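Student: Numbering (our numbering), first residue to last: 8 to 317. The C-beta atom is built at its ideal place from N, Cα and C for all residues, glycine as well. Remember, predicted model here, so these are calculated numbers, not experimental data.
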(Lines of atoms letter the chains of each structure in order from A and count residues from 1; the text may use other names and numbers.)
(Lines give C-alpha, C1' and ligand atoms only; values in the text may rest on other atoms or scores of the structure.)
Protein backbone atom coordinates (compact mmCIF):
# COMPACT_ATOMS: atom_id res chain seq x y z
CA UNK A 1 0.00 0.00 0.00
CA UNK A 2 1.42 3.39 -0.99
CA UNK A 3 2.11 6.17 1.51
CA UNK A 4 -0.56 8.33 -0.16
CA UNK A 5 -3.20 5.63 0.36
CA UNK A 6 -2.17 5.19 3.98
CA UNK A 7 -2.41 8.93 4.60
CA UNK A 8 -5.93 9.06 3.12
CA UNK A 9 -7.11 6.11 5.19
CA UNK A 10 -5.59 7.52 8.36
CA UNK A 11 -7.02 11.00 7.78
CA UNK A 12 -9.82 11.88 10.28
CA UNK A 13 -13.35 11.93 8.83
CA UNK A 14 -13.84 15.62 9.61
CA UNK A 15 -10.70 16.47 7.54
CA UNK A 16 -11.79 14.57 4.46
CA UNK A 17 -13.33 16.46 1.50
CA UNK A 18 -16.94 17.37 2.23
CA UNK A 19 -18.06 16.02 -1.16
CA UNK A 20 -17.47 12.47 0.08
CA UNK A 21 -20.08 13.07 2.79
CA UNK A 22 -22.78 14.37 0.41
CA UNK A 23 -24.67 11.03 0.25
CA UNK A 24 -24.84 10.97 4.03
CA UNK A 25 -26.06 14.56 4.15
CA UNK A 26 -28.78 13.77 1.59
CA UNK A 27 -29.97 10.82 3.65
CA UNK A 28 -30.21 12.96 6.80
CA UNK A 29 -31.83 15.91 4.99
CA UNK A 30 -35.47 14.64 5.05
CA UNK A 31 -35.34 14.03 8.81
CA UNK A 32 -33.75 17.44 9.33
CA UNK A 33 -36.46 19.16 7.30
CA UNK A 34 -39.19 17.41 9.29
CA UNK A 35 -37.57 18.42 12.59
CA UNK A 36 -37.10 21.96 11.33
CA UNK A 37 -40.77 22.18 10.38
CA UNK A 38 -41.87 20.81 13.75
CA UNK A 39 -39.47 22.83 15.91
CA UNK A 40 -38.49 26.04 14.16
CA UNK A 41 -41.72 27.03 12.44
CA UNK A 42 -43.73 27.27 15.70
CA UNK A 43 -40.91 29.27 17.29
CA UNK A 44 -40.78 31.80 14.45
CA UNK A 45 -44.57 31.99 14.34
CA UNK A 46 -44.69 32.66 18.09
CA UNK A 47 -42.09 35.41 17.71
CA UNK A 48 -44.20 36.93 14.92
CA UNK A 49 -47.32 36.84 17.10
CA UNK A 50 -45.42 38.50 19.97
CA UNK A 51 -44.72 41.49 17.74
CA UNK A 52 -48.37 41.96 16.81
CA UNK A 53 -51.80 42.52 18.27
CA UNK A 54 -53.60 39.35 17.22
CA UNK A 55 -57.36 39.17 16.67
CA UNK A 56 -59.38 36.15 15.64
CA UNK A 57 -61.78 36.25 12.70
CA UNK A 58 -63.68 33.66 10.72
CA UNK A 59 -60.82 33.57 8.21
CA UNK A 60 -58.06 33.14 10.83
CA UNK A 61 -55.69 35.42 12.69
CA UNK A 62 -55.48 39.16 11.95
CA UNK A 63 -52.09 40.68 12.72
CA UNK A 64 -51.56 44.33 13.66
CA UNK A 65 -47.84 45.05 13.99
CA UNK A 66 -46.90 46.94 17.20
CA UNK A 67 -43.20 46.07 17.50
CA UNK A 68 -41.84 45.48 21.01
CA UNK A 69 -44.85 46.88 22.87
CA UNK A 70 -45.83 43.52 24.34
CA UNK A 71 -42.31 43.03 25.68
CA UNK A 72 -42.39 46.49 27.23
CA UNK A 73 -45.72 45.63 28.85
CA UNK A 74 -44.49 42.40 30.43
CA UNK A 75 -41.12 43.77 31.54
CA UNK A 76 -42.87 46.63 33.36
CA UNK A 77 -45.45 44.35 34.97
CA UNK A 78 -44.81 43.24 38.56
CA UNK A 79 -46.93 40.09 38.11
CA UNK A 80 -44.56 38.93 35.38
CA UNK A 81 -41.48 39.43 37.54
CA UNK A 82 -43.18 37.72 40.48
CA UNK A 83 -43.74 34.70 38.22
CA UNK A 84 -40.13 34.79 37.04
CA UNK A 85 -38.86 34.97 40.62
CA UNK A 86 -41.11 32.08 41.69
CA UNK A 87 -39.96 29.99 38.73
CA UNK A 88 -36.27 30.49 39.52
CA UNK A 89 -36.82 29.95 43.25
CA UNK A 90 -38.86 26.80 42.63
CA UNK A 91 -36.35 25.39 40.13
CA UNK A 92 -33.18 25.92 42.15
CA UNK A 93 -34.58 24.81 45.51
CA UNK A 94 -36.26 21.66 44.19
CA UNK A 95 -33.25 20.65 42.08
CA UNK A 96 -30.84 21.18 44.99
CA UNK A 97 -32.95 19.01 47.30
CA UNK A 98 -33.47 16.38 44.60
CA UNK A 99 -29.72 16.06 43.96
CA UNK A 100 -28.95 15.56 47.66
CA UNK A 101 -31.83 13.15 48.27
CA UNK A 102 -31.23 11.37 44.98
CA UNK A 103 -27.57 10.82 45.81
CA UNK A 104 -28.36 9.46 49.28
CA UNK A 105 -31.03 7.10 47.92
CA UNK A 106 -28.81 5.98 45.02
CA UNK A 107 -25.97 5.18 47.44
CA UNK A 108 -28.35 3.19 49.65
CA UNK A 109 -29.83 1.22 46.73
CA UNK A 110 -26.36 0.55 45.33
CA UNK A 111 -25.41 -1.14 48.61
CA UNK A 112 -28.51 -3.37 48.70
CA UNK A 113 -27.66 -5.84 45.95
CA UNK A 114 -30.37 -8.42 46.65
CA UNK A 115 -33.24 -5.92 46.55
CA UNK A 116 -31.88 -3.77 43.71
CA UNK A 117 -34.64 -4.60 41.21
CA UNK A 118 -37.41 -4.22 43.80
CA UNK A 119 -35.96 -0.88 44.95
CA UNK A 120 -35.86 0.40 41.38
CA UNK A 121 -39.49 -0.56 40.76
CA UNK A 122 -40.63 1.16 43.96
CA UNK A 123 -38.59 4.25 43.12
CA UNK A 124 -40.07 4.52 39.64
CA UNK A 125 -43.69 4.61 40.84
CA UNK A 126 -43.80 8.35 41.70
CA UNK A 127 -41.96 9.29 38.51
CA UNK A 128 -44.21 7.09 36.36
CA UNK A 129 -47.39 8.69 37.67
CA UNK A 130 -48.94 11.33 35.44
CA UNK A 131 -48.34 14.73 37.01
CA UNK A 132 -52.04 15.54 36.93
CA UNK A 133 -52.76 12.40 38.97
CA UNK A 134 -49.98 13.03 41.49
CA UNK A 135 -51.01 16.69 41.80
CA UNK A 136 -54.58 15.69 42.58
CA UNK A 137 -53.35 13.14 45.08
CA UNK A 138 -51.26 15.76 46.88
CA UNK A 139 -54.22 18.15 46.94
CA UNK A 140 -56.12 15.49 48.92
CA UNK A 141 -53.15 15.05 51.25
CA UNK A 142 -52.94 18.80 51.91
CA UNK A 143 -56.69 19.32 52.30
CA UNK A 144 -57.47 21.28 55.47
CA UNK A 145 -60.66 19.33 56.28
CA UNK A 146 -59.95 15.68 55.46
CA UNK A 147 -56.27 15.74 54.48
CA UNK A 148 -54.02 12.90 55.64
CA UNK A 149 -51.16 15.27 56.49
CA UNK A 150 -53.15 17.21 59.09
CA UNK A 151 -54.50 13.97 60.56
CA UNK A 152 -50.99 12.52 61.02
CA UNK A 153 -49.57 15.74 62.47
CA UNK A 154 -52.48 16.10 64.89
CA UNK A 155 -52.17 12.46 65.93
CA UNK A 156 -48.49 13.03 66.69
CA UNK A 157 -49.42 16.23 68.57
CA UNK A 158 -47.19 18.30 66.29
CA UNK A 159 -50.02 20.74 65.52
CA UNK A 160 -53.05 21.76 67.57
CA UNK A 161 -55.46 22.44 64.72
CA UNK A 162 -55.65 21.70 60.97
CA UNK A 163 -53.53 23.88 58.69
CA UNK A 164 -54.74 25.09 55.32
CA UNK A 165 -51.52 24.24 53.53
CA UNK A 166 -52.58 25.59 50.14
CA UNK A 167 -54.36 28.70 51.43
CA UNK A 168 -51.37 30.88 52.36
CA UNK A 169 -48.52 31.87 50.01
CA UNK A 170 -45.59 30.51 52.04
CA UNK A 171 -47.09 27.11 52.84
CA UNK A 172 -48.53 26.78 49.32
CA UNK A 173 -45.10 27.26 47.71
CA UNK A 174 -43.44 24.82 50.12
CA UNK A 175 -46.22 22.28 49.61
CA UNK A 176 -45.83 22.53 45.84
CA UNK A 177 -42.06 22.01 46.15
CA UNK A 178 -42.53 18.91 48.31
CA UNK A 179 -44.89 17.40 45.75
CA UNK A 180 -42.41 18.14 42.94
CA UNK A 181 -39.47 16.68 44.89
CA UNK A 182 -41.45 13.52 45.67
CA UNK A 183 -42.27 12.98 42.01
CA UNK A 184 -38.97 13.82 40.30
CA UNK A 185 -36.33 12.61 42.76
CA UNK A 186 -36.55 9.07 41.28
CA UNK A 187 -35.41 10.52 37.94
CA UNK A 188 -32.24 11.77 39.64
CA UNK A 189 -31.82 8.46 41.47
CA UNK A 190 -31.85 6.47 38.22
CA UNK A 191 -29.17 8.66 36.61
CA UNK A 192 -26.92 8.67 39.68
CA UNK A 193 -27.38 4.95 40.26
CA UNK A 194 -26.24 4.29 36.69
CA UNK A 195 -23.12 6.33 37.43
CA UNK A 196 -22.48 4.42 40.65
CA UNK A 197 -22.75 1.10 38.83
CA UNK A 198 -19.87 2.18 36.58
CA UNK A 199 -17.40 2.84 39.41
CA UNK A 200 -14.75 0.05 39.48
CA UNK A 201 -15.01 -2.01 42.66
CA UNK A 202 -11.26 -2.57 42.85
CA UNK A 203 -10.79 1.12 43.64
CA UNK A 204 -12.75 0.69 46.87
CA UNK A 205 -10.80 -2.46 47.72
CA UNK A 206 -7.50 -0.67 47.19
CA UNK A 207 -8.67 2.30 49.25
CA UNK A 208 -9.76 0.01 52.09
CA UNK A 209 -6.37 -1.69 52.08
CA UNK A 210 -4.74 1.74 52.33
CA UNK A 211 -6.85 2.50 55.42
CA UNK A 212 -9.40 4.89 53.87
CA UNK A 213 -12.71 5.02 55.73
CA UNK A 214 -16.16 5.21 54.11
CA UNK A 215 -16.26 9.01 54.15
CA UNK A 216 -12.83 9.29 52.52
CA UNK A 217 -13.81 6.75 49.88
CA UNK A 218 -16.91 8.79 49.08
CA UNK A 219 -14.99 12.06 48.62
CA UNK A 220 -11.99 10.61 46.81
CA UNK A 221 -13.57 7.87 44.69
CA UNK A 222 -17.37 7.98 44.48
CA UNK A 223 -17.99 11.70 44.05
CA UNK A 224 -15.31 12.30 41.38
CA UNK A 225 -16.50 9.23 39.48
CA UNK A 226 -20.16 10.29 39.29
CA UNK A 227 -19.72 14.05 38.87
CA UNK A 228 -20.67 13.69 35.22
CA UNK A 229 -23.94 12.01 36.20
CA UNK A 230 -24.59 14.74 38.77
CA UNK A 231 -23.96 17.43 36.16
CA UNK A 232 -26.36 15.80 33.70
CA UNK A 233 -29.01 15.49 36.42
CA UNK A 234 -28.69 19.15 37.36
CA UNK A 235 -29.00 20.53 33.84
CA UNK A 236 -31.91 18.26 32.89
CA UNK A 237 -33.83 18.96 36.07
CA UNK A 238 -33.23 22.72 35.92
CA UNK A 239 -34.60 22.91 32.41
CA UNK A 240 -37.61 20.77 33.35
CA UNK A 241 -38.31 22.69 36.55
CA UNK A 242 -38.09 26.05 34.79
CA UNK A 243 -40.96 25.00 32.52
CA UNK A 244 -43.16 23.68 35.34
CA UNK A 245 -46.86 24.10 34.64
CA UNK A 246 -49.01 21.02 35.25
CA UNK A 247 -48.29 20.55 38.96
CA UNK A 248 -49.22 24.09 40.13
CA UNK A 249 -52.10 24.12 37.64
CA UNK A 250 -53.66 21.07 39.30
CA UNK A 251 -52.49 21.59 42.87
CA UNK A 252 -53.08 25.29 43.47
CA UNK A 253 -54.30 26.85 40.22
CA UNK A 254 -51.58 29.47 40.74
CA UNK A 255 -53.07 30.65 44.03
CA UNK A 256 -53.57 31.92 46.55
CA UNK A 257 -53.54 35.05 44.45
CA UNK A 258 -50.53 34.61 42.17
CA UNK A 259 -48.28 33.10 44.86
CA UNK A 260 -47.72 29.80 43.04
CA UNK A 261 -48.07 31.01 39.46
CA UNK A 262 -44.94 30.14 37.44
CA UNK A 263 -44.21 31.98 34.24
CA UNK A 264 -45.51 29.09 32.10
CA UNK A 265 -48.91 29.37 33.78
CA UNK A 266 -48.90 33.15 33.27
CA UNK A 267 -48.36 32.58 29.55
CA UNK A 268 -51.15 29.99 29.47
CA UNK A 269 -53.60 32.38 31.13
CA UNK A 270 -52.76 35.16 28.67
CA UNK A 271 -53.08 32.86 25.68
CA UNK A 272 -56.08 30.69 26.46
CA UNK A 273 -58.04 32.45 29.20
CA UNK A 274 -57.62 36.09 28.21
CA UNK A 275 -57.13 35.26 24.49
CA UNK A 276 -54.33 37.82 24.34
CA UNK A 277 -52.23 35.88 21.87
CA UNK A 278 -49.67 38.62 21.33
CA UNK A 279 -48.95 39.13 25.02
CA UNK A 280 -48.97 35.40 25.76
CA UNK A 281 -46.55 34.81 22.87
CA UNK A 282 -44.24 37.51 24.23
CA UNK A 283 -44.21 35.80 27.63
CA UNK A 284 -43.46 32.46 25.96
CA UNK A 285 -40.59 33.96 23.95
CA UNK A 286 -39.17 35.52 27.11
CA UNK A 287 -39.25 32.09 28.79
CA UNK A 288 -37.28 30.63 25.89
CA UNK A 289 -34.79 33.50 26.25
CA UNK A 290 -34.31 32.79 29.97
CA UNK A 291 -33.86 29.07 29.30
CA UNK A 292 -31.23 29.82 26.63
CA UNK A 293 -29.39 32.14 29.01
CA UNK A 294 -29.58 29.48 31.73
CA UNK A 295 -28.13 26.90 29.35
CA UNK A 296 -25.34 29.24 28.23
CA UNK A 297 -24.50 29.97 31.87
CA UNK A 298 -24.35 26.35 32.96
CA UNK A 299 -22.85 24.81 29.81
CA UNK A 300 -19.21 25.74 30.52
CA UNK A 301 -19.55 24.45 34.09
CA UNK A 302 -21.18 21.21 32.99
CA UNK A 303 -18.59 20.75 30.23
CA UNK A 304 -15.67 21.29 32.57
CA UNK A 305 -17.11 18.91 35.16
CA UNK A 306 -17.76 16.16 32.62
CA UNK A 307 -14.25 16.53 31.16
CA UNK A 308 -12.71 16.56 34.63
CA UNK A 309 -11.23 20.03 34.26
CA UNK A 310 -12.70 21.39 37.49
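On the three-state DSSP scale, how would you describe residue 261?
Tutor: Coil, per DSSP.
Student: Go ahead and label residue 103 buried or exposed: buried means 16 or more other beta carbons lie within 10 angstroms of its beta carbon, across all protein chains shown.
Tutor: Per the 10 Å Cβ criterion, exposed.
Student: Does DSSP put residue 152 in a helix, a strand or coil?
Tutor: Here residue 152 sits in coil by DSSP.
Student: Assuming contact is defined by CB atoms lying nearer than 8 Å, are residue 252 and residue 266 in contact in what I supplied?
Tutor: No, they are not a contact pair.
Student: Determine the closest residue to residue 211 out of 96, 228, 30, with distance taken between C-alpha atoms.
Tutor: Comparing Cα positions, the closest option is 228.
Student: Rounded to whole angstroms, how far is the Cβ of residue 184 from the Cβ of residue 100, which I believe are closer than 8 Å?
Tutor: Yes, residue 184 and residue 100 are in contact; Cβ-Cβ is about 6 Å, under 8 Å.
Student: Quick one: Cα of residue 248 to Cα of residue 97, how far?
Tutor: Residue 248 and residue 97: Cα-Cα distance of roughly 7 Å.
Student: Let me know if residue 152 comes out buried or exposed under the rule of 16 or more other beta-carbons within 10 Å of its beta-carbon.
Tutor: Burial call: exposed.
Student: Could you tell me if residue 143 is buried or exposed, where buried requires 16 or more neighbouring beta carbons within 10 angstroms of its beta carbon?
Tutor: So residue 143 ends up on the exposed side.
Student: Would you call the segment 51-63 and the segment 269-285 touching, i.e. three or more CB-CB distances under 8 Å?
Tutor: Short answer: they touch.
Student: For residue 142, which three-state DSSP category applies?
Tutor: The answer is helix: DSSP assigns residue 142 an H, G or I state.
Student: What did DSSP end up calling residue 27 once you bin it into helix, strand or coil?
Tutor: Correct three-state label for residue 27: helix.
Student: In or out: residue 41 buried (at least 16 other Cβ within 10 Å) or exposed?
Tutor: Classification of residue 41: exposed, given that the 10 Å Cβ count is below 16.
Student: In the DSSP assignment, what are the bridge partners of residue 61?
Tutor: Partner(s): 70.
Student: On a Cα-Cα basis, can you pick out the residue from 127, 140, 51, 189 that is closest to residue 201?
Tutor: Of the listed residues, the one whose Cα sits closest to residue 201 is 127.
Student: Please confirm whether residue 233 and residue 305 have their CB atoms less than 8 Å apart.
Tutor: Going by C-beta atoms, residue 233 is not nearer than 8 Å to residue 305.
Student: Considering only the alpha carbon of each residue, which of 139, 237, 67 lies closest to residue 331?
Tutor: Since the displayed the chain opens at 8 and closes at 317, residue 331 lies outside it and no answer follows.
Student: By DSSP, does residue 205 sit in helix, in strand, or in coil?
Tutor: Reduced to three states, the DSSP call for residue 205 is coil.
Student: How about residue 195 and residue 106: do their beta carbons lie closer than 8 Å?
Tutor: A contact, by the Cβ cut-off of 8 Å.
Student: The alpha helix (DSSP H) spanning residue 173 covers which residue range?
Tutor: Counting along the chain, residue 173 falls outside any alpha helix (DSSP H), and DSSP gives it neither H nor E.
Student: Just how far apart, CA to CA, sit residue 172 and residue 93?
Tutor: The straight-line gap from Cα to Cα measures roughly 18 Å.
Student: Starting from residue 269 and walking both ways along the alpha helix (DSSP H), at which residues does that stretch end?
Tutor: Residue 269 -> no alpha helix (DSSP H), and no H or E assigned at all.
Student: Express the C-alpha separation of residue 113 and residue 197 in angstroms, rounding to a whole number.
Tutor: Taking the straight line joining both Cα atoms gives about 7 Å.
Student: In angstroms, rounded to a whole number, what distance separates the CA positions of residue 318 and residue 95?
Tutor: Residue 318 is absent from the structure shown; the chain starts at 8 and stops at 317.
Student: Skipping 5 residues on each side, what residues in its chain have a beta carbon closer than 6 Å to that of residue 15?
Tutor: With a pLDDT of only 46 at residue 15, under 50, the local geometry of the prediction cannot be trusted, and the value read off the model is given with reservation. Excluding residues within five positions, none has a Cβ falling inside 6 Å.
Student: Pull up the distance between the alpha-carbon of residue 258 and that of residue 145, whole angstroms please.
Tutor: Going by the C-alpha atoms only, they are around 7 Å apart.
Student: What is the DSSP secondary structure of residue 104, reduced to helix, strand or coil?
Tutor: Helix.
Student: Which residues in the same chain as residue 187 place their Cβ atom closer than 8 Å to its Cβ, once the five residues preceding and following it in sequence are excluded?
Tutor: The answer, listed in chain order, is 97, 101, 248, 251, 254.
Student: I'd like to know whether the C-beta atoms of residue 160 and residue 148 end up nearer to each other than 8 Å.
Tutor: It is not a contact, given that the beta carbons lie outside the stated cut-off.
Student: Name the two residues that bound the continuous alpha helix (DSSP H) containing residue 223.
Tutor: Segment 221-224, the alpha helix (DSSP H) holding residue 223.
Student: By a C-beta neighbour count over all protein chains shown, 10 Å radius and 16 as the cutoff for buried, is residue 46 buried or exposed?
Tutor: So residue 46 ends up on the exposed side.
Student: Which first and last residues belong to the alpha helix (DSSP H) in which residue 245 is found?
Tutor: Taken as a continuous stretch (DSSP letters only), the alpha helix (DSSP H) holding residue 245 covers 230-249.
Student: Just to confirm, is the Cβ distance from residue 291 to residue 274 under 8 Å?
Tutor: Result yes, Cβ atoms of residue 291 and residue 274 sit closer than 8 Å.
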